[in-house]
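Numbering follows UniProt numbering, in which position 53 of the sequence shown is assigned residue number 53; successive positions increment by one, without gaps.
All C-beta atoms, glycine included, are put in the ideal place defined by N, C-alpha and C.
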Amino acid sequence: MKKQSSRSGIVYSTDPDFFSKNEDADAPQYPARASQILYIKLDNHQRKGKTVTLITGFELPEHELKQIAQGLKTSCGTGGTHDDNSVLLQGDCREKARQWLLKNGFAKIKV
């Protein structure tokens with residue numbers, strides 16, 4: 001039996017209305033920043049008693065989340081990381097983070 005290929009067999013087409021079946025599977029669409037609901041909370045669970053600010057609810061691609069984490073860390077003057085649609089900042093910087101997020105287009109923030 002012949003193994004089915006994922007390619008359609010068409011290499012090039014001069015038809016301006018032609019589109020490949022694979023073209024409709026573009027990158028995933030993310031909601032606008034203003035419509036995302038973000039949650040900011042203080043956490044010290046499993047962190048040896050150290051307090052961190054946890055911001056969750058991001059629905060962004062990885063590279064944008066990395067840029068947002070970098071901006072938040074710079075704004076708050078602390079260290080931190082990003083992981084699984086959340087940003088973790090060292091220390092209690094809820095208000096600074098909230099102000100930075102509002103300034104950068106995130107409107108729905110719950111502290």
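So, with DSSP's three-state summary, where would you put residue 90?
On the sequence shown, position 90 is the one that residue 90 refers to. Strand.
Consider the Cβ of residue 78: report whether some Cβ of chain B lies at a distance smaller than 8 angstroms.
The structure shown has no chain B; it contains just one protein chain.
What are the complete beta strand (DSSP E) segments, minimum 3 residues, inside the UniProt domain "SUI1" (46–105)?
Those beta strand (DSSP E) runs which fall completely within the UniProt domain "SUI1" (46–105) and span 3+ residues are 52–56, 80–83, 86–90.
DSSP puts residue 43 in a beta bridge; with which residues?
On the sequence shown, residue 43 is found 43 positions in, with the first residue counted as 1. Answer is 52, bridged to residue 43.
When the Cα atoms are used, what is the spatial distance from residue 45 to residue 53?
As a first step, residue 45 is located in the sequence shown; it is residue number 45 there, counting from the start. As a first step, residue 53 is located in the sequence shown; it is residue number 53 there, counting from the start. Each residue's Cα considered, the two are about 11 angstroms apart.
Just tell me which of 66, 94, 37, 38 has its CA closest to the CA of residue 76.
Counting from one through the sequence shown, the residue named residue 76 turns up at place 76. Considering only alpha carbons, the answer is 94.
Please determine, among 80, 15, 41, the residue with the shortest C-alpha to C-alpha distance to residue 98.
Indexing the sequence shown from 1 puts residue 98 at position 98. Out of 80, 15, 41, 41 has the C-alpha closest to the C-alpha of residue 98.
Starting from the C-beta of residue 33, find all residues in its chain whose C-beta is less than 7 angstroms away, skip the five residues before and the five after it, and write them out in chain order.
Indexing the sequence shown from 1 puts residue 33 at position 33. Excluding positions up to five away in sequence, the list reads 105, 106.
If residue 72 sits next to residue 87, beta carbons under 8 angstroms apart, how far is it from one beta carbon to the other, in whole angstroms?
Position 72 of the sequence shown holds residue 72. Position 87 of the sequence shown holds residue 87. Yes, residue 72 and residue 87 are in contact; Cβ-Cβ is about 6 angstroms, under 8 angstroms.
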